[in-house]
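Let me begin by presenting the structure, written as structure tokens, before commenting on it.
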Amino acid sequence: MTTIQHAPSAVRLGPTVSRADTAPNRRRGGDIRVLLSPASVGSTAGFMGTLTLEPGEVVTEHWHPYSEEFLYCQSGDVSVTLDGEERRLTAESAVHIPIGVKHRIVNDTSTTAFFVFLCGPLAPRPELGHVDTELPPGVR
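Last residue of the sequence shown: number 140 in UniProt numbering, and the count goes up by one each step with no gaps.
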């Protein structure tokens with residue numbers, strides 16, 4: 001049997017981050033909370049968070065020029081549109097959103113939907129990470 005010896009890590013471990021202690025971002029709709037990111041834990045490969053969509057709420061259409069997105073629906077049932085193709089994302093299912101694919105999420109049911117998402121790699125700067133193709137909710 002071979003034992004691999006790893007050099008001691010010089011990387012400082014980041015903190016544990018609680019969803020309850022993370023402020024929601026509602027700019028694109030829903031309750032989006034980025035939990036693990038370069039700002040919160042010093043990540044260098046991507047960021048991870050949660051999305052809560054109440055009945056009738058929408059995450060407006062946007063796309064990521066540098067990142068692919070992995071979206072896991074923990075509970076609920078929503079309509080997801082990917083480059084114009086509508087599909088259902090139901091509880092305990094996931095979808096991969098490749099770099100450059102426009103996407104929009106609509107909770108068209110009577111129950112709350114809860115998601116976990118991961119995006120990576122990171123954009124060169126945070127403001128370059130999303131391209132909005134639809135006005136935010138309530139803006140005309």
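Glycine is no exception: its CB is placed at the ideal position from the N, C-alpha and C atoms.
Residue range of the alpha helix (DSSP H) that S79 falls in?
Here residue 79 refers to the residue found at position 79 of the sequence shown. Here S79 belongs to no alpha helix (DSSP H); instead the beta strand (DSSP E) covers D77 to L82.
Bridge partners of V106, per DSSP?
Locating residue 106 in the sequence shown gives position 106, counting from the first residue. DSSP, once it has assigned bridges, lists V58 and S79 as partnering V106.
Is the beta carbon of G55 sitting closer than 7 Å to the one on S93?
Position 55 of the sequence shown, counting from 1, holds the residue named residue 55. Position 93 of the sequence shown, counting from 1, holds the residue named residue 93. Here the sequence assigns Pro to residue 55, which means Gly is not the residue at that position. No. Outside cutoff.
Helix, strand or coil: which one does DSSP assign to L128?
Counting from 1 along the sequence shown, the entry for residue 128 is found at position 128. Three-state DSSP puts L128 in a helix.
N107 to F115 span [Cα, whole Å]:
Translated into positions along the sequence shown, residue 107 becomes position 107. Translated into positions along the sequence shown, residue 115 becomes position 115. Spanning the two alpha carbons is a distance of roughly 12 Å.
Would DSSP call S40 helix, strand or coil?
As a position in the sequence shown, residue 40 is number 40, starting the count at 1. Correct three-state label for S40: helix.
Sequence-distant residues of its chain with Cβ nearer than 6 Å to V59 (five each side left out)
In the sequence shown, the residue the question calls residue 59 occupies position 59. Cβ within range, chain order: R28, G29, G30 and I105.
Cross-strand partners of E85 (DSSP beta bridge)
Numbered from 1 along the sequence shown, position 85 holds the residue referred to as residue 85. Answer is L82, bridged to E85.
Between the C-alpha atoms of Y66 and I4, what's the straight-line distance to the nearest angstrom?
Reading the sequence shown from its first residue, position 66 is the one you call residue 66. Reading the sequence shown from its first residue, position 4 is the one you call residue 4. If you take the alpha carbons of Y66 and I4, they lie about 35 Å apart.
Compare the beta carbon distance of E86 and S79 with 7 Å and say whether it is the shorter of the two.
Along the sequence shown, read from residue 1 onward, the residue named residue 86 stands at position 86. Along the sequence shown, read from residue 1 onward, the residue named residue 79 stands at position 79. It is a contact, given that the beta carbons lie within the stated cut-off.
So for A123, helix, strand or coil by DSSP?
What you label residue 123 is simply residue 123 of the sequence shown in a count that begins at 1. A123: coil per DSSP, three-state reduction.
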